[in-house]
Amino acid sequence: MATTNSRSLARLMLIPSVVSLLAWMIVPLSMTLYFSVVDYNLLTPGNEEFIGFLNYEFFLTDPAFFESFFNTLLLVGGVLLITLGGGIGLAVLLDQAIWGRNYVRIMVLAPFFVMPTVSALVWKNMLMNPVNGLFAHFASWIGATPIDFFAQIPLLSIIIIVSWQWLPFAALILLTSIQSLDREQLEAADLDGAGPFSKFIYIVLPHLSRAITAVILIETIFLLSIFAEILVTTSGGPGYASTNISYLIYTQSLLQFDVGVGSAGGVVAIIIANIVAIFLMRLIGKNLED
Amino acid sequence: MAVNKSTKLKVICTFLAWSISGLIFFPILWTLLTSFKTEAEAISTSPSLFMFDWTLVNYDDVLSRSPYFNHFWNSVVISLGSSLLGLLIAIPAAWSMAFVQTKRTKHLLMWMLSTKMLPPVGVLIPIYLLFRDFGLLDTQIGLVIVMTLINLPIMVWMLYTYFREIPHEILEASRMDGATIGEEILHVLLPLALPGIASTLLLNVILAWNEAFWTLILTAANAAPLTAFIASYSSPEGLFYAKLSAASAMAIVPILILGWFSQKQLVRGLSFGAVK
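First to last, the sequence lines map onto chains A and B. For the first sequence, this note's numbering assigns the number 2 to the initial residue and increments by one for each residue that follows. For the second sequence, this note's numbering assigns the number 8 to the initial residue and increments by one for each residue that follows.
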């Protein structure tokens, strides 16, 4: 029932959002693309020269790239595995009749609201410190040798911290989805004599499949850009043992001032994220239709 | 018999749920408790959960020996400022997409969401250089701008879903009564949409408060919000557990409380509609 008048007004009201997002995308993106093909170091400014794909060649053949690429896969994969496994378990558990469910929900959800630098520092110093940390106290209490988390298993330690932060998200999304499950289906399965295990496999899991896909895709988008947790715990070390692609690009651009190589890395990161984003956009598009 | 069995199951599930959630919550509880201990007690090899001499000395130290309040204020200005500015830009757009739908609306909405999927490192250098050239590095206004832009897609998306829930008929009725578009938005739409707008504001304040990429890259001593200030505890101050805990507690408690009110909005805002 929109009149021509309200149509043009509607278009007018879109302008601020569209223009600012367009500027936010296009201006820096085209600058990144430009920098990625010139020889540009902040320490020697003024002689930017077109050098074709040399920056890409340098970035992609750097052994640090392979290590960080592999670390990124491990980090994303590890966190997904833990948060999905734990999230499904928690969602099923919180869906049962229990006393004080609201309090349990609040406690499970809490880590998501803790700022990344605080989570990382609390885990690093108060829990994982090899001398005074709580885990070290516990290890010596049971007679084991305390682990020096960030020296011996740096990447795994970061995986643990990040999983703690993202488990609430997975659990909450999956719980929301489980609660929309048609109870009559479960009752019918009960009547047919289905046990809890087969009910889970044949009814609950298929119902959750869309939510699981969504959690995987959304978490992946955010996990590809993990940065603060690495910065305050290991600074990517020892060596490159806990450096991911995001952190590698940060060191190359703002610590080594190599704008060209850093930008080439940025383009690579965008391509990797886009592969995941395409699938996520398809899922969103499908849901917008029905 | 049946009652007995289900009660037994309830007891087991309750026990399991409380133990697991207790473990998940423990690091936060531990931080809160440690903030009330002395430094000596904080690193004690036989730490006590509640039986220690409670003290406020750490809070006093953190507040008086560091510009803690400045950073707290930066967090407030940046998160609230960017969320309000974002609402100002997002409400008209969401109104327009929800009530005057065209063939392009869906694509536009999806394009906006897709900007959220751009990895920050992909635009790290340009933003840094632009900020340097325009004198925006380490300023509150600079961070408000960035934070508004990165959360704008989520705000438009959330408001759009809330506005879609408002029945069209009410708006049409007001239009029949001769209300102009401006009156329609101000007197009919806004009151109906207020809960949705408040929820959107709440979630975005939380997201901006905890954002820890741009805040770490673009700020130093002046405009650093708490995310960046706490990062400076990474060493060696971080080894003073009680002070680290007090500084952390003041940074997370306000948001924990807000967060508990925003569980539902979290699903709506961060699942991008991929989950119903």
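Don't be surprised by glycine CBs; every beta carbon is placed ideally from N, CA and C.
Who are the Cβ neighbours of residue i in its own chain at under 8 Å, not counting the five residues just before and after it?
i: I222 of chain A; result: A274, V277, A278 and L281
i: T146 of chain B; result: N229 and A230
i: I272 of chain A; result: none
i: T62 of chain B; result: F43, K44 and T45
i: S9 of chain A; result: none
i: F70 of chain A; result: I246
i: L223 of chain B; result: T234, A235 and A238
i: N103 of chain A; result: none
i: S55 of chain B; result: E48
To which residues of the same chain is residue i closer than 7 Å at the C-beta, ignoring the five residues directly before and after it?
i: L120 of chain B; result: P160, W164 and F279
i: M2 of chain A; result: The predicted position of M2 of chain A is uncertain, since its pLDDT is 46 and thus under 50; a value taken from the coordinates is nonetheless stated next. Here the set comprises nothing.
i: I295 of chain B; result: With chain B running from 8 to 283 in the structure shown, residue 295 of chain B is simply not present.
i: K17 of chain B; result: none
i: I188 of chain B; result: none
i: Y241 of chain A; result: A65, E68 and S69
i: L128 of chain A; result: G134, L135 and F136
i: L75 of chain A; result: L156
What in chain A is Cβ-close to residue i, meaning under 8 Å?
i: K110 of chain B; result: Per Cβ cutoff of 8 Å: no residues; K110 of chain B is ~13 Å from chain A at best.
i: K17 of chain B; result: Q97, A98, I99 and W100
i: T122 of chain B; result: L22, W25 and M26
i: Y248 of chain B; result: N126, M127 and N133
Which chain B residues are close to residue i, counting only those with a beta carbon under 9 Å from its beta carbon?
i: T235 of chain A; result: Result: empty, since nearest Cβ-Cβ is about 10 Å, beyond 9 Å.
Which residues bound the alpha helix (DSSP H) around residue i?
i: R182 of chain B; result: H175 to M183
i: L157 of chain A; result: P155 to Q180
i: G93 of chain B; result: Y75 to F106
i: H138 of chain A; result: L135 to W142
i: N56 of chain A; result: L55 to T62
i: N158 of chain B; result: Q147 to R171
i: T112 of chain B; result: T112 to T122
i: G266 of chain B; result: Y248 to F268
i: W124 of chain A; result: No alpha helix (DSSP H) holds W124 of chain A; DSSP gives it neither H nor E.
i: I250 of chain A; result: I246 to Y251
i: V64 of chain B; result: V64 to R72
i: Y135 of chain B; result: L131 to D140
i: I213 of chain A; result: L206 to L224
i: M108 of chain A; result: R102 to L110
i: L214 of chain B; result: L197 to N217
Considering only their Cβ atoms, is the gap separating residue j from residue i smaller than 8 Å?
i: A216 of chain A; j: L85 of chain A; result: First, the amino acid is wrong: residue 216 of chain A is Val here, not Ala. The answer is yes: Cβ separation under 8 Å.
i: I31 of chain B; j: M108 of chain A; result: yes
i: I173 of chain B; j: A200 of chain B; result: yes
i: A170 of chain A; j: F113 of chain A; result: The residue asked about is misnamed: residue 170 of chain A is Phe in this sequence, not Ala. Closer than 8 Å, so yes.
i: A121 of chain A; j: I162 of chain A; result: yes
i: L253 of chain B; j: V69 of chain B; result: Residue 253 of chain B is actually Ala in this sequence, not Leu. Taking 8 Å as the Cβ cut-off, A253 of chain B and V69 of chain B qualify as a contacting pair.
i: A256 of chain B; j: I85 of chain B; result: no
i: N77 of chain B; j: K250 of chain B; result: no
i: I250 of chain A; j: V128 of chain B; result: yes
i: F36 of chain A; j: I132 of chain B; result: yes
i: L277 of chain B; j: I219 of chain A; result: yes
i: F51 of chain A; j: V39 of chain A; result: yes
For a contact meaning CB atoms closer than 8 Å, what does residue i contact in chain B?
i: M229 of chain A; result: The sequence shown places Ala at residue 229 of chain A, rather than the Met named in the question. Neighbours of A229 of chain A on chain B, chain order: A219, F220, L223, T234 and A238.
i: Y251 of chain A; result: V128, L131 and I224
i: L292 of chain A; result: The question about residue 292 of chain A has no answer here: the residues shown for chain A are numbered 2 through 291.
i: T173 of chain A; result: In the sequence as displayed, the identity of residue 173 of chain A is Leu instead of Thr. Correct list: Q270, L273 and V274.
Which residues in the same chain as residue i place their Cβ atom closer than 6 Å to its Cβ, once the five residues preceding and following it in sequence are excluded?
i: F136 of chain B; result: Going by the sequence as given, residue 136 of chain B is Leu instead of Phe. Contacts found: none.
i: L182 of chain A; result: H208
i: M8 of chain B; result: Note that M8 of chain B scores 46 on pLDDT, short of 50, meaning its location in the model is unreliable and no value can be drawn from it.
i: E48 of chain B; result: F59
i: T226 of chain B; result: D145 and A235
Rounded to the nearest angstrom, how far is the Cβ of residue i from that of residue j, given a contact under 8 Å?
i: N56 of chain A; j: S264 of chain A; result: 7 Å
i: V115 of chain A; j: I259 of chain B; result: 5 Å
i: S226 of chain A; j: S243 of chain A; result: Not a contact, Cβ separation roughly 15 Å.
i: E218 of chain B; j: M154 of chain B; result: 6 Å
i: A229 of chain A; j: T118 of chain A; result: 5 Å
i: L95 of chain A; j: L176 of chain A; result: 5 Å
i: V195 of chain B; j: I177 of chain B; result: 6 Å
i: P155 of chain A; j: T235 of chain A; result: 5 Å
i: P34 of chain B; j: V123 of chain A; result: 6 Å
i: L91 of chain A; j: I27 of chain B; result: 7 Å
Just the chain A side, please: which residues come within less than 9 Å of residue i by C-beta, in chain order?
i: L39 of chain B; result: Neighbours of L39 of chain B on chain A: none; closest Cβ ~11 Å, over 9 Å.
Any chance the CB of residue i is under 7 Å from a heavy atom of the ligand FMN?
i: A205 of chain B; result: You won't find the ligand FMN in this model; it holds no ligand whatsoever.
What does residue i touch in chain A if you count any residue whose Cβ is under 7 Å from its own?
i: S241 of chain B; result: L122 and V233
i: M257 of chain B; result: By Cβ distance, chain A contributes nothing, its closest Cβ being about 10 Å from M257 of chain B, past 7 Å.
i: I213 of chain B; result: F114
So which residues of chain B does residue i contact, with C-beta pairs closer than 7 Å?
i: T36 of chain A; result: According to the sequence shown, residue 36 of chain A is Phe rather than Thr. The contacting residues are I132.
i: L206 of chain A; result: Those within 7 Å of L206 of chain A in chain B number zero; the least Cβ separation is about 15 Å.
i: A270 of chain A; result: P126, V128 and G129
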